[in-house]
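Chemist: Count the sequence shown with mature numbering (1 follows the signal peptide of the UniProt record, and there is no 0) and you get residues -17 to -1, 1 to 180, in order.
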Amino acid sequence: MKSFLLILCEVLKDLWSAAFPNSHLNGFVSSQWKDMGWQGTDPSTDFRGGGFISLENLLFFSKRYPKTFQQLLYKKGGRRATWEYPFAVASVNITSMLIQMLDLWSGKPRSWAAVCFLRILVEDEMAFELLYCVAFKVMDTLWLAMRASYTEFNVVMKATRGQLEHELAMESVSRIEDMPSYTLHQIATFKYSLVSI
C-alpha cells in the first residue's frame, strides 16, 4: 500500500505536468508552485481548507477538460482584473464551498440543493468532480461579469454558490450535464444567468 506522501507526490507531479507540460518541476517544494496560484512553495500547506480532495479535483479538471483548465489557469478570455484570484487557492476554496453547500460532513442533507445532488450522485459516482469543474467555470464567468478584483473573491464565491444551488434545484436537472452551466466542452459559448441572492 502506498503511503500518503508518495500518493501526494504523484498527484502533484501529474498536476504540474498537466499545467505546465513544457516546464520541468525543480522539486516538490519550489517557488514554481506560485505560478499555478499556490500561496507558498509547498502546495500541501494550502489545501488544508478543502483537504486532499481539492487537489484531486484540480487534477481531475486538468485531465477531463484540459482546454478549459488551461484557459482558466492562464486567465484567457474576458477583461481580467489587475489583481486576479490565485488559481490553485481558488480551487481549494471551490472544493470547500461545495462540501459546505452539499452538507457532505453532516449525517444527512439539510438543504434542497444537497438533496438534489445526492440523487445525482447515486446515478453518477463522478458527480462531485463534475460539479467542481462546473463550479470553477461559473466562478470565473461571474468574476468577469462582476468585474471583480481579488478583494471581492468572497462576493463572487457567494454568487457562485447561489447559481449552483439554483441550478441543482431545477426539475430538469437529473445529472450534472443537465445543468445550464454545464458547457465545459465548449468554453467559448458558456452562458450564465446570475440569480439574485
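For glycine and all other residues, C-beta sits at the position ideal for the given N, C-alpha and C.
(1) Since S37 and A1 should fall inside the 8 Å C-beta cutoff, what is the C-beta to C-beta distance between them, to a whole number of angstroms?
(2) Candidates P26, L56 and Y165: which alpha carbon is nearest L114's?
(3) For S155, is the beta carbon positioned less than 7 Å from some heavy atom of the ligand FMN?
(4) Hey, would you say L(-10) sits closer than 8 Å to S27, going by beta carbons?
(5) Do you know offhand how far F100's Cα is from L147's?
(6) Going by DSSP in three states, R158 sits in which element: helix, strand or coil?
(7) Tell me the residue span of the alpha helix (DSSP H) that contains K(-5).
(8) Below 7 Å CB to CB, which residues in the same chain sit around I77 once its five sequence neighbours on both sides are set aside?
(9) How big is the Cα-Cα spacing for L151 and M162?
(10) In chain order, what residues of the same chain lie with their CB nearer than 6 Å to the CB of F30, ignoring the 5 residues before and after it?
(11) Go ahead and pull the three-state DSSP assignment for K59.
(12) Between the C-alpha atoms of E160 and A110, what's the straight-line distance to the nearest angstrom?
(13) In angstroms with no decimal places, state the Cα-to-Cα distance between R102 and S157.
(14) According to DSSP, simplified to helix, strand and coil, what is A131?
(15) Whole angstroms is fine: what's the gap from V12's alpha carbon to A97's?
(16) Check whether the Cβ atoms of L55 and F70 lie closer than 8 Å to each other.
(17) Decide yes or no for the touch test of the segment 137 to 145 against the segment 78 to 96: beta carbon pairs closer than 8 Å, at least 3 of them.
Modeler: Straight from the coordinates:
(1) 15 Å between Cβ atoms; not a contact.
(2) Y165
(3) For the structure depicted, the ligand FMN is absent and the ligand set is empty, with no information on it obtainable.
(4) yes
(5) 10 Å
(6) coil
(7) F(-14) to A2
(8) Y115, A118, F119 and M122
(9) 7 Å
(10) S37, L38 and V75
(11) Note: K59 maps to coil in three-state DSSP.
(12) 9 Å
(13) 8 Å
(14) Coil.
(15) 37 Å
(16) yes
(17) yes
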